[in-house]
Structures are given as C-alpha cells and as structure tokens.
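Written below as structure tokens is the structure these notes are about.
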C-alpha cells in the first residue's frame, strides 16, 4: 500500500487473519484434488523451470503449501516455513492426502531463519516481501542468501502492472481489500545485490492474472479492451511494457572465488584514505621499543603455564583462555611462533563441545572470552591448518548467541556486575569480539561472518553508549576495548569522538584516571588508550600515556593492575593482559603506525574538541540551545518591514519551518508560514531567476518544503504551494549543470507530491532527475544540500556513490583558510543527515561526530550566533532517530501478557472513559494497542510511530500515521486518551513533548505514561544512549502539573513480566 499521505489506515493481519485470507474457504481436500489433476499456476510452472529434481527448496511464507506440493510431486524436496500454525497444519494435511514428504517449520522470517548456512539449494517466496518495509526486506533476503547454496527467488506483485494496481486501489476504496499492507515493487534487485547475490535478473509473469483484481462495477468492458489491446502487440512490446502480475527476482549464490573477493570488502568503512598525521610530541624519557619488548617478553616466558597458556597474573597461576587467545597475534608479530603454537594447541584442547570457551577457573561460557580465542586461532591458522574446525566451531557459537540485529549475548547479571555499586559492564565491550570474527571470515573464506560483523557493528553504534566516559560503569579498560574495536572496524570517526573525552582528562604526565571520578590509574586501560591514540596518529597523547605506564613497571617487566590512592583494580597483581597491550603499543611505535585508511574525514581534527566534551553539555542541552537560537534568529529576521525581507532571509525562515515542526515548535512554525504566505503572494515570477539565480532557486526549494508540510497546508491552504510548484515545472527542460539549486527544487517538488498525493509532481521530479548527472565541483552547504537532493531522487547505487564522493570532497575541504569552521561543520552535519536518510549508518555517525567537533567555540552558549548550524544539527538528529528506529524495529517485542502490570495500569487508566478515542503514541509493533483494540477498551484506537515499518502490525480497521511525540500532526483536542508506553525516555525535549500531548488531548483527556525509574539507571547493563533519559516519577509529575495537567494516579513500582523491582513507574495525568 503506497504511503502517499501522512494519514493512512494500515491493515496488519494476525496469523489467523492471514490464514483465513489465503485459504479463502478451501479445504486441504480441494487443494489436493487440484494438485493431483495437474493444475499449476504460472508461477508454479516457473519454479519447476528454475529448480532441479532432488534439490531442497525452502519456501518462506508457505501458506497453503500448494506450490511446494507441486514441487514435491516433481521430485523436489520441499521445506515449508510459515509463522501461522494453522497454515502449517493445512499444508501437512495436504501433503498427507497426496502421500508426499515435506519438512514443516514454524518461524518468523524477521528473525534468523532456523536453517544453517548453505543448508538448502533454493530459497523462494511468493507474495511475501511486499508486506514488509525496506529494512525487513533486506533482512529476509540476506537470511535467504545465507541459507541458500544455489539460488534465491522472490515473486511479488509488480508495481508496473496497471490492471492489478487499478483493481487493488478500487478494492481498498470500497473496503474489500483483504490482503493487509501490500506494497507492490518496481524492483528488488538492490536488496539481492546488497545481500551478496550475483547475476541478479528480473522479469514479470502472469499478465492475465492481474485482471482478476478488476472487480469493480463496469470493469468487464475495460478488461475486454485491455485483453484485445495486449493481444495486438508484438511480443517484444509486451515484454517492454512489463505488465505481468508478478515481478520475479532471481539471484545466484556466488561461487567460492566470488565469495572470497566479497569477504575482503564486506565491512564497509565509512571512509576514504586519510593523510598521515604529522602532529607528534614523543615523551623524552621513553626507552626504545626493542628494549621495552625484551623486558615484557621475559615476563611472558616466566608466566606461561607449562604446556598451556599465559597465566592470569603473577599471583593467579591459572592459564587464562581469553588473554592466551589475543596474545597469539602479538607473539606471531614478534616471531615467537613456538610459544604461539603452544598456546593455540592448549586452547584447542580445552574447547567446549559447543565451540565456546570458559573463563579462568570457571564453568561459564563467555562470548567475550571466546571472541579473543577466535583472534588467536584466526592468526595462527596458516601455521596450524589442523585447527580450522576449532576456529569454525568457536565462530559459529559466537554468532549463535546473537539476536537478529547482531546484539551478542550478555552474561548473567551476577557475573557482569561491577564492584562498588558501579552497575554492570557496558555491553558494548562486545565490539572487541568483532575484529576477530572479521579475521576469521577472511581466513576461512566465510562471508557470513563478515556480514554478521557489519550487522553487529551497526547495532552497537545505534544502541549503546560508546563515548560517555563519565558514566559510572565506564572503567578505562572497558572504554578502550570499545574505542580500539571501533577503529579496527572502520568506524574511526566514532572512535575519534570517544577519545576526545579522554584527551580532556589526560594530565600533563600522560595519566588518565581509571574512572572519570577517581584519581588512580588502571594500567591496562591506560596502555590501551595509548594504542588507540597511536593508531589515530596522536603520538603526543599516546607516548605521554606510555611514558606514565613505564614509570609504573616493576623490575620483573610486569605491571600492576592499578596504582595510586584508592586503586581498586588488581592493584597487587601483575596482569598478563597489561603486558600484552604493552607489547602491542611497542610494535605500533616501531612500525611508525599510520592512521587507518578507513577514515572518511580526517583533516582538522588534531587539536579540535567535540562541542560536548569541550563545553561539557549533553545532547539534550545541545537541542535546547539549538532550538533557542532558531527562535532568536527568526524573531530578528521577521521584525520590521516583512515585505522587504531579503531572499536569503526568506530562504532561511522557510528552511527552518520543517525543523521547528519536528522539534515541537508548531505555533512558531505556523506563524512563520502565515507571514511567508503574505510575502510570497507579492513576489513576481522573475524572483526565482534573480538574486544570483541559485539563491533564488534554493529559496524556491525551501519555500516548497515549508508549504508542503501537512500542518502548514491545513492552516494556510495549498494556493502558495501550487504557484511555487509551477515555477519548478516550468524548468523541466533545464540541465542541472547550469542551474545550481535545481536539484533541491525538484526534490522539494517530489516531496510535495508525496505529501499531497499529487503523483504527477513526484513522477515529473524523478523523470527529470534520471536524466541528470552529478559531479561534485565545489563544496558549500548549499551544494551539499543539492547533492542530498540528488541522492533522494535517484537509485541507491547512484546515491551511495555520491555520498562517498561528497565525503572525499569534504575531507579535502577540511578546516582550510578558505573554509569557515561553521561552514565546514554545516557541510558535515548535512552529509550526516543525507547518509542516515539513505541508510548509511557508519558514514552518518562519522560525519556527525566530526561535524560536532568542527563547530566553533561560542562566547555564550553552544550554537549562539550559529543558527544555520543549529538547524543542520537538529535535522541530522531527526534523521538519526528515524534511521535508528527502522534499524532496530525487528527487535521490538510484539506482544504483552494479559497480566503484565504495565498493561493492567493502562487498563485501569482507561476504565473511566469506555468510549474514548485513544492514541498509542510510539506504538512500535502495537502490543498495547492490540490488547486495547481486541479487548474493546476504547471506541477507537490509533497507532503512531516515527517510521511506517509499524503499519503492517496494526489490526484491521485501526488507523495508523507516522509522527512523533514532538510532532504528532493531529488537530487540537483530537483524543480522549494518549498512551506513552516506554516512549518518553526516547524523547530529547520532554517539555515540548508534554506540550504537544496536551494540545491533542481534549479537556479532561488522559495522558497515560509508563516509563523507567532513574534510580535503576546505575545498575542497568551497558548504560543508555546519550539521547535517552530515565525519570524520577515525582519530578515528572511536577512537570506535568506545571504544564496543564492534574495527576489522577501514580504508581512508583509497576510490575512487568512477573517482576516488581522498581524498574517501571506509571502516571495518569488529566488535562485541566
């Protein structure tokens, strides 16, 4: 179902609904008779043509199983997978009636498929992918490619098929459409290619079947005309028209040679080559790397357990599998091959049957420890090829512990808990597992490991606190595990951003504290910090840290775990991992390490600080300052004679209207739109060709975007928008090379067409864009904006290529004399927005980190006097949040138990208003919404979330709309109750969110909040992202009272999942 407007009813069907829709009153006996009689659809015939006798054919979303039964009759070996138990029972009965054998699996295709790598010959699906959003499609296709040995095939409704599209539209309008959310596709080739499949081809079939959808009154004559016309065409014309009902996409699994080539390139860096850093300041008293290594190796030889691995410490003589594992690559670089082979042999001898490894003197399997063993085994494999299966088992066990998004398994809380009440170890330390898996993928020629690394890296970047060293659970040792892994995995700019915090804390003698709030040093952590600084080209920082560590070294060549007043990390032991890191640091010194070629933007960072680290402000405070700066600047721009506003002022005011709407400043945005309506009405057509031409075109694009916002259309009408769009339509014959700003105009035209349902505007814009090329000739914020428009209007391949080109150009721009720091920062933040919008998370994070680092220091508050940069920052953050939701969406829980305390709190709050109009804001997969809907707890219930991925989970007849807690888009007083269930914690600007909820509630309407208690934050494993916040429920209640609510009910300890441990609270607030 095309998303042509901001409001739409989405029909998501339960497994039972799907089964009933697919079966349509048939019985297994009826279907069995049809199969027995040899009746076979065109797509069934195609699958017989594509597959071979004896091949194992996995069908995803198998439904009745009719086609798989036909394949079984023709000697294929079918495996049927569906998430509906009723459908699988139907299929099993069908196969039984036909005396056929098949394998039946109940599973959700949004999770990892219950099949091993390359375990089936062909994976195919018919009528499946059109019911999912892009992120889910990519997951399904990638999983299909993982389990297939030869081929992946998809059949989905063809978006080019006019009879099907017309019939579908008519059925939707009449309420007869029974197939839920269904988005026909023009192509799925990009998804297949990104999944690593090759020789991808597409075509359409079954043009006659499309006519069956045309059931509206009078369609009989239209069908006859269509059939006669189609019959009159030459066969080549029919093929070009592409009118088949089903789009068929076929991709082949690459051969071993192709896979090896792809494996080396599967973890995409955000970046291009960076110049070698020249800013060095070596410590004067450092001994040579050779001398430093010699003393450390003596310690290693002394503390190696005979016939085993390296000991935990000089006091704890048990061999440590984790440290033994990651010692091996270091020993090989030092040409200590015999010791490395001894270590590897011992590790192979103690591996658990499932492939995992225990901790020292423990019977608990750890992902982190096993990951470090994988590092060693991957490195030693050329010397010990007989250990290949040991390595494979270890890798497979690690991957098996992860969820579909790539989150690795965290140990039990009792093991993961830190001392002194500091909470739990940050789960992002698992990033340090990934480089070993990456090395194993290359060594074993197994692209699946590389793909897992990419997915897992994306998860941790989007969901974990990676750069807040001030968190109570951030021991320097763990923090630097995270930073070094980020560097090694190509996310250099994210790493660089994290290390800026440590630079702020580093003392002149090189010391960095173990925690941000102590004065003692964690020795291995400080050596690790030095390693990361050396890799980043910050020799001054790295050598200063190593010089301090050298002063702590004992005569034995070992290092205490910690030192200084209050030291509390193995302070009386010499730790083996400290020696390992010391050796790595000396090897880096000896090799004269250059910064990674994975950096996308490197110039200008030496000496530059993140605005957050420099001014010690949070993201929440930055947002508040940015919005205030926009409000202040707008007030100046519109004061005085508004009719004489410069085009630059008009453009700026127009450009920030969408931003103000996104960040909860609706009244101000609508006031500005009303002023612009009056100004535009008096502008002659020649305006857009004057004032430096490009300035006029960029102003035209900004105005179209402003006037196409749904809230603005509702208040100001569409007259101004139409007149502005005509100005773009008049320029269809112009070439982009000769008219800067034209891409922005046509992108705005496409956006206006999308928002207003005017497909002709959208089609015109894309047709024009497909005829244009793009070369980055100069870099200014305006040109970056134009380039971002090119990306929006073109295919992912062209768009991603341009993103990389932009990255190179901005990198070359740097903080040169010609480029103002704020202009450079704005280019980077606009690049970040474009990258996140295009789904390039790594590049988005890198550009954002460097853009924030490049912002100039202000005398007053952050963003003071930097309105353009404030807008770019807010727009980038909006794109980041939307991308994060889409990426994480498959992990959301899709149901809640009937006796869950959170649901019971909501039900009690709704009981006094049985005929309420209820909005479930931030509904995700609708677990609360469905309980309310099917329990008839409200007259109507509506779902809303930031991305349309949730539409398909909505029950039939339930309205759904995209929007946020800051920008819901609803009219004043639209609802009797609004639910914010675990939503407010993700909202950066809570006061603005409360104001928006107050606006859309009727008088006496109820705001029902379920969220997390701030008191539990310190004990939360992994911490929380910097933009997330938990609450003191009393303080939140006070905020609600200040903003027009009375507190009707409050529970400081709401039960959940059979527990009551103070994690959740509930508040019901009534609008005054």
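In the UniProt record's numbering, the protein residues as written are 1 to 1072. The beta carbon of each residue, even a glycine, is placed where N, CA and C say it ideally should be. Predicted model only: the values in this text are computed from it and were never measured.
- Taken through DSSP and simplified to helix, strand or coil, residue 946 comes out as coil.
- Taking 8 Å as the upper bound for CB-CB distance, residue 345 and residue 376 are not in contact here, some 11 Å apart.
- Secondary structure of residue 732 (DSSP, three-state): coil.
- The stretch 175 to 230 contains, as complete beta strand (DSSP E) runs of 3+ residues, the segments 198 to 205 (chain order).
- By the criterion of a C-beta distance shorter than 8 Å, residue 624 is surrounded in its chain by 989, once the five residues flanking it on both sides are discounted.
- Under DSSP, residue 1013 forms a beta bridge with 1031.
- Under DSSP, the beta-bridge partners assigned to residue 1059 are 1056.
- Judged by beta-carbon spacing, residue 305 lies beyond the 7 Å limit of residue 292, meaning their Cβ atoms are not closer than that value.
- Here DSSP, grouped into helix, strand and coil, assigns residue 372 to helix.
- In the three-state scheme derived from DSSP, where H, G and I count as helix and E and B as strand, residue 78 is classed as strand.
- The closest CA to that of residue 791, considering only 810, 825, 827 and 743, is found on 743.
- Distance between residue 208 and residue 226, taken at the CA atoms: about 10 Å.
- It is roughly 11 Å from the alpha-carbon of residue 882 to the alpha-carbon of residue 875.
- Within the DSSP secondary-structure output, residue 83 pairs in no beta bridge.
- Residue 716 sits away from residue 756, with the two beta carbons spaced by 7 Å or more.
- Check the Cα spacing between residue 77 and each of 764, 39 and 122: the tightest is with 122.
- Contact annotation: the stretch 647 to 667 touches the stretch 697 to 709, with at least three C-beta pairs closer than 8 Å.
- Boundaries of the alpha helix (DSSP H) harbouring residue 781: 781 to 793, taken from the DSSP string.
- By the Cβ-count criterion, residue 191 is buried, with 16 or more other Cβ atoms from all chains shown falling within 10 Å of its own Cβ.
- Taking the Cβ atoms as the reference, residue 38 lies roughly 16 Å from residue 68, outside the contact range of under 8 Å.
- In the structure shown, residue 828 adopts helical secondary structure according to DSSP, grouped into three states.
- Between residue 148 and residue 248 a beta carbon distance of about 16 Å is seen, past the 8 Å cut, so the two are scored as non-contacting.
- Residue 1064 and residue 473 have their alpha carbons spaced roughly 21 Å apart.
- At the C-beta level, residue 466 and residue 428 come within 7 Å of one another.
- Taking residue 361 as the centre and dropping the five residues before and after it, the same chain places the C-beta of 318 closer than 7 Å to its C-beta, in chain order.
- Our two residues, residue 525 and residue 1019, have alpha carbons roughly 22 Å apart in a direct line.
- Residue 853 and residue 626 have their C-alpha atoms some 16 Å from each other.
- Annotation: residue 957 is outside any alpha helix (DSSP H) and is labelled neither H nor E by DSSP.
- By the C-beta density criterion, residue 366 is buried, having at least 16 other C-beta atoms within 10 angstroms.
- Of all alpha-carbon atoms in 61, 95, 434 and 494, the one lying nearest the alpha-carbon of residue 83 is that of 61.
- Per DSSP, the unbroken beta strand (DSSP E) holding residue 123 starts and ends at 120 to 126.
- Burial of residue 468 is indicated by the presence of at least 16 other C-beta atoms within 10 angstroms of its C-beta.
- Assignment of beta-bridge partners to residue 95 by DSSP yields no partner.
- Looking at the DSSP output, residue 57 bridges to 78 and 122.
- Scanning its chain for C-beta atoms nearer than 6 Å, with the 5 sequence neighbours on each side dropped, one finds around residue 879 the residues 833, 836 and 837, in chain order.
- Taking a C-beta distance under 7 Å as the contact criterion, residue 491 and residue 842 qualify as a contact pair.
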